[in-house]
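For the sequence shown, my numbering assigns the number 3 to the initial residue and increments by one for each residue that follows. Where is the CB? At the ideal position from N, CA and C, for every residue including glycine. Predicted model, so just to flag it, every value in this text is computed and none were measured. This report concerns only the one structure given below.
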Amino acid sequence: MVDERLAGSFRGIGEDYDRHRPGFPVAAADEIVPSTVPTILDLGAGTGKFTALLTSRAARVIAVEPSEAMLGVLRRRLPEVDALDGSAERIPVANGSVDVVTVAQAFHWFDREDACAEIRRVLVPRGVLGLVWNHSDPDCAWDLACTRVAHPALLNGLSGDDATRELLPGFASPRFVQV
Numbered sequence: 003m004v005d006e007r008l009a010g011s012f013r014g015i016g017e018d019y020d021r022h023r024p025g026f027p028v029a030a031a032d033e034i035v036p037s038t039v040p041t042i043l044d045l046g047a048g049t050g051k052f053t054a055l056l057t058s059r060a061a062r063v064i065a066v067e068p069s070e071a072m073l074g075v076l077r078r079r080l081p082e083v084d085a086l087d088g089s090a091e092r093i094p095v096a097n098g099s100v101d102v103v104t105v106a107q108a109f110h111w112f113d114r115e116d117a118c119a120e121i122r123r124v125l126v127p128r129g130v131l132g133l134v135w136n137h138s139d140p141d142c143a144w145d146l147a148c149t150r151v152a153h154p155a156l157l158n159g160l161s162g163d164d165a166t167r168e169l170l171p172g173f174a175s176p177r178f179v180q181v
């Protein structure tokens, strides 16, 4: 994470986070992982809200999360998932061992340069990186304020595939899909 203190910002609120945070559409998982693959890694997995959509799509699902409070909830909810303490900048898996990396509602917490290097390290050749954001209303003033902080490129004339290319240097064939 950009600052290790950020992981601590979720201390003690795992259950509340899980109860009140919205889920994700199945269509997002369908878009990223349309058929079964050997291994999926959900990075910044939180309590497993998106991870739960991945369990039927891979022989092995790994969830990486720096917050013990979040990991505790994830481990109780999804005992079949390998839930590991780690961060986007220090992913605790071997080089080239993951077919798909997903990041749902967490990429804005990462040091983008370090995280992208780590993601490229763990992905198999031609592996897939899927980033997911859950926005309730893109015309809402609150969403716009969050976008100014988390995704400034989107407000600088970039959108869709152009923004994706700028935000994810070093990845082949980036594309933006809204589901």
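Straight-line gap, residue i to residue j (C-alpha atoms, nearest Å)
i, j, result
"Thr-49", "Ala-147", "25 angstroms"
"Pro-27", "Asn-136", "9 angstroms"
"Gln-107", "Val-134", "6 angstroms"
"Glu-67", "Gly-25", "17 angstroms"
"Arg-128", "Ala-143", "38 angstroms"
"Leu-56", "Ala-30", "10 angstroms"
"Arg-78", "Ala-54", "12 angstroms"
"Cys-118", "Leu-125", "11 angstroms"
Opposing strand residues paired with residue i [DSSP bridges]
i, result
"Ser-89", "Arg-92"
"Val-83", "Partner(s): none; Val-83 has no beta bridge."
"Ile-64", "Leu-43 and Asp-84"
Beta-carbon proximity of residue i to residue j, cut-off 9 angstroms
i, j, result
"Gly-132", "Val-103", "yes"
"Val-63", "Leu-86", "no"
Simplified DSSP assignment, three categories, for residue i
i, result
"Asp-32", "helix"
"Arg-128", "strand"
"Thr-53", "helix"
"Val-102", "strand"
"Leu-43", "strand"
For residue i, the nearest candidate out of the options (CA to CA)
i, options, result
"Ala-60", "Met-72, Lys-51 and Thr-41", "Thr-41"
"Gly-46", "His-110, Arg-128 and Val-124", "His-110"
"Arg-92", "Val-100, Val-83 and Glu-120", "Glu-120"
"Leu-80", "Asp-113, Glu-115, Ser-37 and Ala-65", "Ala-65"
"Asn-97", "Ala-117, Phe-112 and Arg-123", "Arg-123"
"Val-105", "Asp-116, Glu-115 and Ala-90", "Ala-90"
"Ile-34", "Asp-113, Asp-101, Lys-51 and Asp-116", "Asp-101"
Any chain E beta carbon closer than 9 angstroms to residue i
i, result
"Pro-27", "Structure shown: chain E not included; a single protein chain is present."
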